[in-house]
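Chemist: Converting from the sequence shown to the working numbering requires adding 48 to each position, the first position being numbered 1. Built from N, CA and C at the ideal position, the CB exists for glycine as well. It should be emphasised that the depicted structure is a prediction, and the values quoted were computed from it without experimental measurement. This structure is in C-alpha cells; I'll ask about it shortly.
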Amino acid sequence: MNYRIWGEQFDGPGLLLVHGNTANSHWWDHVAPELATDRRVVAMDLTGFGDSAHRPAYGFTVWANDIRAVLREALAPGSVIVAHSMGGKPGYQAALTEPSVGGLVLLDSNIGRMPAADRARLMADRADSQARVFATLDDAVRAYRLFRPVDSSIDVPSYLVEHIARNSVRQVPGGWGWKFDQAVYRAALEPPTPVRPLSCPVAVVRAGEHSVLDDESYTDLLRDLGSGTVTATVESSGHHVMLDDPLALIDLVQKIVRDWI
Numbered sequence: 049m050n051y052r053i054w055g056e057q058f059d060g061p062g063l064l065l066v067h068g069n070t071a072n073s074h075w076w077d078h079v080a081p082e083l084a085t086d087r088r089v090v091a092m093d094l095t096g097f098g099d100s101a102h103r104p105a106y107g108f109t110v111w112a113n114d115i116r117a118v119l120r121e122a123l124a125p126g127s128v129i130v131a132h133s134m135g136g137k138p139g140y141q142a143a144l145t146e147p148s149v150g151g152l153v154l155l156d157s158n159i160g161r162m163p164a165a166d167r168a169r170l171m172a173d174r175a176d177s178q179a180r181v182f183a184t185l186d187d188a189v190r191a192y193r194l195f196r197p198v199d200s201s202i203d204v205p206s207y208l209v210e211h212i213a214r215n216s217v218r219q220v221p222g223g224w225g226w227k228f229d230q231a232v233y234r235a236a237l238e239p240p241t242p243v244r245p246l247s248c249p250v251a252v253v254r255a256g257e258h259s260v261l262d263d264e265s266y267t268d269l270l271r272d273l274g275s276g277t278v279t280a281t282v283e284s285s286g287h288h289v290m291l292d293d294p295l296a297l298i299d300l301v302q303k304i305v306r307d308w309i
C-alpha cells in the first residue's frame, strides 16, 4: 500500500488524508504541506488507486482495512481521518471500528446513501468496460477531466489539473492508461454502513456549489451522526473542495482539528 508523509519529524497525533473515487494521494499535494507545519500528515492511495496494489475485488470494508493499516503503521494513536467524497464511507467504517482514531472530517461525502440507481448502473457498466489506452503520456494528460457540472462557476487552475493528471496515469501494454483499477466501480453497488454516532469527534464539511449532500441527505446525516457533529460549508467550493478552494480548506481543517489533537 502506497502512502506519503509530510512532517515526519512530528511524533504526536496527525492527519490521514483519504481521496475519493478514481482519485489518488496526489490530490492532496498542494494541501498536505500546509497542514504539516506542526503535525505529521499522511496521504494514502487506497488499494486499486494510485500507486497501491490492485485486488481481485474491492469494497468499503476492504478500504476501511486499508485505512486502519496505514493509521497503525504511519501515525500515532489519536490521529484524525480527513476523507473526501467516496473515501468518506471507508473512513467512517475505520473510525467506527478503530478505537485509536481521534476524529473524522468528512469532505462533501454522502456516507449514508447509495448512488442514485442510474448512476449506480453507469458505474457498474464502467467496471466491465475496456480501459482506455492512450498512445502517449501527453495524450492521456490532455484527456484527463475533473467531474464538473456544466453550470459550475468554479475553475481549478490548469497547472493543478495537469499535476494531478500526470500522477494519475501509468504505462500499460500499448501505451498509457489510468492508474485506478476499473473494478473499483463495483463498490458503488455495495450498501453503505448504517450511520450512527461515533465515539470520536466528527465534522461534516459541505461544498457550497453542487454538493453531493442535498438538503435531505445533509439533514439525515447530521441526525444519524448525533448532536455533537461539527458542521461547516465551504461556500467558494464545488465538490472537489481541496482543488476548488485549498486555502479555505486548509484553514477550516486546522480550526476543526485544533480542539481534537
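Residues bridged to T281 by DSSP?
Modeler: To locate residue 281, count along the sequence shown from 1; it is residue 233. Note: T281 sits in a beta bridge opposite R254.
Chemist: So what does V217 bridge to, in DSSP terms?
Modeler: Sequence index remark: in the sequence shown, residue 217 carries index 169 (1-based). The partner list for V217 (beta bridge, DSSP) reads W226.
Chemist: Should T95 be labelled buried (16 or more other beta-carbon atoms within 10 Å of its own) or exposed?
Modeler: Start at 1 with the first residue of the sequence shown, and residue 95 comes out as number 47. So T95 ends up on the buried side.
Chemist: Name the residue from A71, N50, G55 whose alpha carbon lies nearest to the alpha carbon of V217.
Modeler: Along the sequence shown, read from residue 1 onward, the residue named residue 217 stands at position 169. Ranking the options by Cα distance to V217, first place goes to A71.
Chemist: If we count the other Cβ atoms within 10 Å of its Cβ and call it buried at 16 or more, is D203 buried or exposed?
Modeler: Taking the sequence shown and counting its residues from 1, one reaches residue 203 at position 155. By the 10 Å Cβ count, D203 comes out exposed.
Chemist: Please give me, in chain order, every unbroken run of the alpha helix (DSSP H) with length at least 4 that falls completely inside the region 123-157.
Modeler: Runs of the alpha helix (DSSP H) inside the region 123-157: 136-145.
Chemist: For the candidate residues N215, S201, R174, A172, whose alpha-carbon lies nearest to that of Y192?
Modeler: The residue you call residue 192 lines up with position 144 of the sequence shown. Considering only alpha carbons, the answer is N215.
Chemist: Quick one: Cα of A188 to Cα of H211, how far?
Modeler: Reading the sequence shown from its first residue, position 140 is the one you call residue 188. Reading the sequence shown from its first residue, position 163 is the one you call residue 211. Answer to the nearest angstrom: the Cα atoms are 12 Å apart.
Chemist: Check for me: the alpha helix (DSSP H) holding V66 runs from which residue to which?
Modeler: For the purposes of this step, residue 66 is taken as residue 18 along the sequence shown, with counting starting at 1. From DSSP, V66 is part of no alpha helix (DSSP H) but of the beta strand (DSSP E) over 63-66.
Chemist: In this structure, how does DSSP classify A80 when only helix, strand and coil are distinguished?
Modeler: Locating residue 80 in the sequence shown gives position 32, counting from the first residue. In the structure shown, A80 sits in a helix (DSSP, three-state: H, G or I).
Chemist: Going by other Cβ atoms of all chains shown within 10 Å of its Cβ, with 16 needed for buried, is S259 buried or exposed?
Modeler: Working through the sequence shown from its first residue, we reach residue 259 at position 211. Looking at its Cβ environment, which holds 16 or more other Cβ atoms inside 10 Å, S259 is buried.
Chemist: In the DSSP output, what is W308 paired with across the bridge?
Modeler: For the purposes of this step, residue 308 is identified with residue 260 of the sequence shown, where counting begins at 1. DSSP, once it has assigned bridges, lists no residue as partnering W308.
Chemist: DSSP has W54 in a bridge; who is on the other side?
Modeler: Residue mapping note: residue 54 aligns to position 6 of the sequence shown, counting from 1. For W54, which the question treats as bridged, DSSP gives the partners V89.
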